[in-house]
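Numbering (this note's numbering), first residue to last: -16 to 855. Just so it is clear, CB atoms sit at the ideal spot from N, CA and C, and this is done for glycine as well.
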Amino acid sequence: MRIPPFILAVGLLTLEAAADSTDCLHCNKHFLPQPLKLIPGRKYARDRRADILHVKLDVTPDFAKRTISGSATLRFKPIALPLEKLELDAVDLKITSITAAGAQVEEHQVTEDKLIITFSKAIAPGAEATVTVTYSAVQPDHGLYFRTPEMGYKAGDTQVWSQGEAEEHRFWFPSYDYPNERFTSEVICHVPKGMQVISNGTLQSEKPGNDGLTTFHWLQDKPHVNYLIAMTAGYFHKLEDKAGNLPLAMLVPPSHSAQAANAFTDTRKIIEFYQKEIGVPFAWDKYYQVYCLDFIAGGMENTSCTFEAADMLFNSDTEQLRSLHELDAHETAHQWFGDLVTCRDWSHLWLNEGFASYYTLLYEEQKLGADAMKYALWKEAQQVFQANDTRPIVWRDYGDPMQQFDSRAYPKGAWVLHMLRSQLGPDLYRKCIRTYLERHRNSIVRTEDLQDVIEEISGLSFDQFFDQWLFHGGVPELKIDYAWDAASKQARITVRQTQKLSEQVRLFRLPLPVGFAIPGQKELLRVKADVSKEVEDFYFPLPAQPELVRIDPDYTVLAKVAFTPAGPMLDKQLQSDVLGRLLAISSLDSKHIDKLGKALREDAFYAVRAEAAKALSKIAEPEARAALIAGSSNQPDARVRRSVVQSLAALNTPESQETLWKMAQSEKNPDILASIIETWGARPGDSAVAAELRKQLKATSYNSALQLAAIRALRAQDDESVVPELLARLQSLNDLRGRDAGIAFDAVAFLARRPTNAQRDAEREFLASKLTDPRNSWRLASTRALGTLRDPKALAVLEPLLASGNARIDPVREAAAKSVQDIRAGLESPADLKKLWDRVQQLQKQAEEQQKELETLKKKSQPAAAEKKAGK
-16 MRIPPFILAV
-6 GLLTLEAAAD
4 STDCLHCNKH
14 FLPQPLKLIP
24 GRKYARDRRA
34 DILHVKLDVT
44 PDFAKRTISG
54 SATLRFKPIA
64 LPLEKLELDA
74 VDLKITSITA
84 AGAQVEEHQV
94 TEDKLIITFS
104 KAIAPGAEAT
114 VTVTYSAVQP
124 DHGLYFRTPE
134 MGYKAGDTQV
144 WSQGEAEEHR
154 FWFPSYDYPN
164 ERFTSEVICH
174 VPKGMQVISN
184 GTLQSEKPGN
194 DGLTTFHWLQ
204 DKPHVNYLIA
214 MTAGYFHKLE
224 DKAGNLPLAM
234 LVPPSHSAQA
244 ANAFTDTRKI
254 IEFYQKEIGV
264 PFAWDKYYQV
274 YCLDFIAGGM
284 ENTSCTFEAA
294 DMLFNSDTEQ
304 LRSLHELDAH
314 ETAHQWFGDL
324 VTCRDWSHLW
334 LNEGFASYYT
344 LLYEEQKLGA
354 DAMKYALWKE
364 AQQVFQANDT
374 RPIVWRDYGD
384 PMQQFDSRAY
394 PKGAWVLHML
404 RSQLGPDLYR
414 KCIRTYLERH
424 RNSIVRTEDL
434 QDVIEEISGL
444 SFDQFFDQWL
454 FHGGVPELKI
464 DYAWDAASKQ
474 ARITVRQTQK
484 LSEQVRLFRL
494 PLPVGFAIPG
504 QKELLRVKAD
514 VSKEVEDFYF
524 PLPAQPELVR
534 IDPDYTVLAK
544 VAFTPAGPML
554 DKQLQSDVLG
564 RLLAISSLDS
574 KHIDKLGKAL
584 REDAFYAVRA
594 EAAKALSKIA
604 EPEARAALIA
614 GSSNQPDARV
624 RRSVVQSLAA
634 LNTPESQETL
644 WKMAQSEKNP
654 DILASIIETW
664 GARPGDSAVA
674 AELRKQLKAT
684 SYNSALQLAA
694 IRALRAQDDE
704 SVVPELLARL
714 QSLNDLRGRD
724 AGIAFDAVAF
734 LARRPTNAQR
744 DAEREFLASK
754 LTDPRNSWRL
764 ASTRALGTLR
774 DPKALAVLEP
784 LLASGNARID
794 PVREAAAKSV
804 QDIRAGLESP
814 ADLKKLWDRV
824 QQLQKQAEEQ
834 QKELETLKKK
844 SQPAAAEKKA
854 GK
């Protein structure tokens, strides 16, 4: 499964909560499924009482009702002990009947998360038996997802698709839902005429029936784990190709047919490269990629048929900003790492995700060159540093398996492999990995299995390497100082390990390469410092004083390095390789505005130009602003233009705003134009901007990208007069993607939040109506937006959502609790309390004054009453 890098850095976020980002890894950034249930304690691999040999599903989805019914047949045999009960994972399934062959069912029990089948007589070890469970699942919450017209999707795009990782198939069929068991499988699915069904393996038959349904029969005759079973059915636009004799196909929703080719450009090249690089042929009978609507991850590597997010498809006018070759490379790598061999339990997840992430980087080098790979490694390292996660990669204290899908498994796992390859050399590393795959082919693996192979093939001990990088946490943080001794002609490098030490994070032992640029020599003189202590000095005799000192010049160690070369060295570094130039840019300050400006205008590598733009924006002095504006023109690479837009937006000066306005008039790239439109949020009261925002709001664009940018800008302007137009526009945007609905709903709720806003009731009613939307993402978006609206009347519809239906984590329920809390806090805020107190005091004063008036009237009336009484 592919998780976007910035999400890895900040932890688990929902699909609807994050902004769109299209730079670097995997184009649009997608999100991972949320944890289902947090269970305390250390986690270990399950017992295997029975060996599951084959799983057969025969199912019929009902698209209108969003249900599935049918049967699951499991063939198995006890392993070592007589088997009295077969326990299957099953959640919220309605069990109709259970039959068996080779055994007799005495009874069955359905618990919260299990189907327990008890046999009349224990099945002997090694004896084969079969059970068939007839069942149905009604609108499953997980595992199987419908996309139908009743849910707001186009009729021609109707789909249902599965997503099993980590342990979610139990929500739509009974199974052994854990990764330490492999079996063959088949899927038989009955769908309306005209639909297609894609599953694992090879298509055995496609037969129309008399009931108007067509039956597809897929067979996967190679063993795989349960979460890799896949099924999707619906209408698709299909492209085909071949890698040698291997059939390839790309299937997308018909409404996205124009974007399909952009997603299919690299698949054949990736497979051909991996077969050569890994040395093991592609193991499966075909390789299909199916793009699914509102998929809940970037992609999922089911054996022979990867499922990916249709949201990530793009038009060619986005230029270099979008590419799917990285997603394609990641998921394709999983066909070896994760599918052919699979982690035994979730503590060893990095063996799936770290390998897929690293081989994506190797394809990056193959496709775009060494500079591109180094830059990709640099970005992966930044994710690790930003996460600042001190837990080990192999970690057993997770509450839910999905908590393992983070920066430790992905970028840090990739870096572990890169360090191994750097120490072993490419050829020896390649031999180790080929042996690892061949030895454990069609089986499950632990981290120790990889270590054993590497030590056997290389003859070297990697005990310490695996212990510090995989079974302990953190990364080395190195503060480095340099000095030159002219008398002895020695360079001194002082290395301090400054990471905070703990039981999890220890001092690291690592080979730290150092490079010296010697006058008259073209190549760096490379030496190595074996770092192992908290503070160490290393002395290197050199033929002359170096013009430049580079720490780890070939980028082979995952370490957070604090080292700034002296001025002349910094100038030299600006003329070095891509990584050196990137590091130099980060060290330049207001004294080097001319150098940054030159880098922005002239550097050969786009990332250096983009970083120079950011550096000028941070300096923000008049000369830096002028250099940034001057460098904003004539940037052919869209990635640099977007960085310039973001940098100008950060300045937020009249000059930068005017530059952005001019750029908008000529910019054709919709992603960059959307970024510019968002900056207009900083220009409230500008009549030209207001007119353009309203124009964009009414227009159309692919995936409503420009309309969403206008909505973000209008929110930033906090102009509540636009609420009627926004609300009207939302009524027509019924096919917004989940996270886009979150953006739009939040914006209009924010603008209508004031009690004096005439549209507040209408907005509350609109959001309340979406609380019952069949799309979970829309329910979540509206629940959160009601909290933004801060309308006390919304408590009546939010509080019923707090009722706990089960112990599983429910994002809508959690969002409702947060919104209720926010609304109540608003009612009890200091400002509101002061208003209430002032009002109470005012009423008390009025009451006192009224009481005084009554007493005065009473006193005045007393003499008259006495006189009247005396007269009587």
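- With respect to the C-alpha of ARG622, the residue from GLU641, GLU594 and ASP268 having the closest C-alpha is GLU594.
- Unbroken beta strand (DSSP E) runs of no fewer than 3 residues, entirely contained in the segment 537 to 625, are found at 543 to 545, following chain order.
- Residues GLN303 and TYR589 of the same chain have their beta carbon placed closer than 7 Å to that of ASP620, with the five preceding and five following residues left out of the count.
- Ranked by Cα distance from GLN487, the options GLN640, ALA474, GLN504 and VAL458 are led by VAL458.
- Cβ atoms of PHE388 and MET(-16) come within 8 Å of each other, at about 7 Å.
- For a cut-off of 8 Å, the C-beta gap from LYS60 to ASP34 is around 6 Å, short enough to register as a contact.
- In the DSSP assignment, TYR271 falls outside any alpha helix (DSSP H) and lies within the beta strand (DSSP E) extending over 270 to 275.
- Of the other Cβ atoms in all chains shown, fewer than 16 fall within 10 Å of the Cβ of ARG807; this residue is therefore exposed.
- Residue pairing by DSSP places ASP468 opposite GLN473 in a beta bridge.
- For PRO794, the enclosing alpha helix (DSSP H) stretches over residues 794 to 810.
- For a cut-off of 8 Å, the C-beta gap from ALA798 to LEU763 is around 6 Å, short enough to register as a contact.
- If the five residues before and after LEU691 are omitted, its C-beta is found closer than 6 Å to the C-beta atoms of ASP723 and ILE726, all from its own chain and listed in chain order.
- Assigned with DSSP and collapsed to three states, TRP761 falls in helix.
- When secondary structure is reduced to three states using DSSP, SER306 falls in the coil class, being assigned neither helix nor strand.
- Excluding sequence positions up to five before and after GLU148, its CB lies within less than 7 Å of the CB of MET(-16), TYR210 and MET283, all in the same chain and listed in chain order.
- Taking C-alpha positions only, ALA232 is separated from VAL143 by approximately 19 Å.
- Burial state of THR771 is buried, judged by a 10 Å Cβ sphere holding 16 or more other Cβ atoms.
- Using a Cβ distance threshold of 8 Å, ILE612 and SER573 do not count as a contacting pair.
- Looking at PRO18, GLU133 and GLU439, the one whose alpha-carbon comes closest to that of PRO757 is GLU133.
- DSSP, reduced to helix, strand and coil, places GLN679 within a helical segment of the structure shown.
- One alpha carbon belongs to ASN335, the other to GLU641, and they sit about 49 Å apart.
- The continuous beta strand (DSSP E) containing ALA512 extends over residues 508 to 514.
- For GLN92, the enclosing beta strand (DSSP E) stretches over residues 88 to 93.
- Taking TRP467 as reference, the option from ASP432, PHE523, GLU519 and SER441 with the minimal CA-CA separation is PHE523.
- Taking the Cα of SER752 as reference, the smallest distance to any Cα among ARG374, ALA741, ASP140 and PHE728 is reached at PHE728.
- Spatial neighbours of LEU583 in its own chain (CB-CB distance under 6 Å, excluding positions within 5 residues in sequence) are listed in chain order as ARG592, ALA595, ALA596 and GLY614.
- When C-alpha distances from SER444 are compared across ALA768, ARG424, LEU403 and LEU351, the shortest belongs to LEU403.
- Within the segment 207 to 269, the runs of alpha helix (DSSP H) that reach at least 4 residues and sit entirely inside it are, in chain order, 250 to 261.
- Taking 3 residues as the shortest admissible run, the segment 180 to 208 contains the following complete beta strand (DSSP E) segments, listed from N- to C-terminal end: 185 to 191 and 196 to 208.
- The continuous alpha helix (DSSP H) containing TRP361 extends over residues 353 to 370.
- Distance from THR343 to HIS313 at the Cβ level is roughly 5 Å; contact confirmed, criterion being Cβ atoms closer than 8 Å.
- Within the DSSP secondary-structure output, PHE320 pairs in a beta bridge with VAL324.
- With respect to the C-alpha of PHE102, the residue from LEU66, LEU495 and ALA693 having the closest C-alpha is LEU66.
- Rounded to the nearest angstrom, the gap between the Cα atoms of GLN242 and PRO236 is 10 Å.
- Residue state for ARG58 is assigned as strand, using DSSP reduced to three classes.
- Secondary structure within the segment 361 to 432: the alpha helix (DSSP H) runs of 4 or more consecutive residues, fully enclosed, are 396 to 407 and 409 to 422 (chain order).
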